[in-house]
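One gets my numbering by counting positions in the sequence shown from 1 and adding 15 to each. Note that beta-carbon positions come from the ideal geometry of N, C-alpha and C, so glycine has one too. Only a predicted model underlies this, so the values are computations on that prediction, with no experimental measurement involved. Written below as structure tokens is the structure these notes are about.
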Amino acid sequence: MKKTSILICLPAALLTASCTNDSRLPDAQVAPPPAPQTVQVYKPTGAVQCGNPGATGATLALQLVESGVSVSDASCGHDGMMRIAQCGAPDGSIAVFAIAQRDLAKAQQAGFNPLAELPSAQLMPCNVSP
Numbered sequence: 016m017k018k019t020s021i022l023i024c025l026p027a028a029l030l031t032a033s034c035t036n037d038s039r040l041p042d043a044q045v046a047p048p049p050a051p052q053t054v055q056v057y058k059p060t061g062a063v064q065c066g067n068p069g070a071t072g073a074t075l076a077l078q079l080v081e082s083g084v085s086v087s088d089a090s091c092g093h094d095g096m097m098r099i100a101q102c103g104a105p106d107g108s109i110a111v112f113a114i115a116q117r118d119l120a121k122a123q124q125a126g127f128n129p130l131a132e133l134p135s136a137q138l139m140p141c142n143v144s145p
């Protein structure tokens with residue numbers, strides 16, 4: 016009888032012991048720090064109808080980088096505002112960049128604004144010249 020109870024209790028004790036919570040986890044199991052929060056900023060390209068195509072996204076991204084802002088993503092867009100169809104009038108093209116929230120003030124000093132200020136803005140593919 017004693018052997019039977021030992022054979023039954025021993026596996027149960029081992030299973031219970033293996034489920035203890037050990038707070039000493041190796042570094043590889045520690046959760047990574049959260050990613051920095053990002054914000055989208057925009058700047059008009061300066062493009063006009065029937066004429067000047069305006070600044071490229073690369074040129075405007077360089078303005079951010081030269082201001083000490085790290086750019087994590089870039090896209091093109093339109094400010095979403097209606098315009099008259101007239102040669103020489105702005106066409107509403109904007110360049111949009113994802114930056115760290117902490118760099119927003121630097122971006123604003125460089126002439127960029129939060130995309131959230133343009134509620135009707137639409138992102139679209141950038142026109143790439145061959």
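- Per DSSP, the continuous alpha helix (DSSP H) segment holding A73 begins and ends at G72 to E81.
- Counting the other Cβ atoms within 10 Å of the Cβ of L77 gives fewer than 16, which makes it exposed.
- Cβ neighbours of A62 within its own chain (closer than 6 Å, five residues either side excluded): P68, G69, D106 and S108.
- Taking C-beta separations shorter than 6 Å and ignoring five residues to either side along the sequence, the partners of D88 in its chain run A113, following chain order.
- Exposure of C102 is indicated by the presence of fewer than 16 other C-beta atoms within 10 angstroms of its C-beta.
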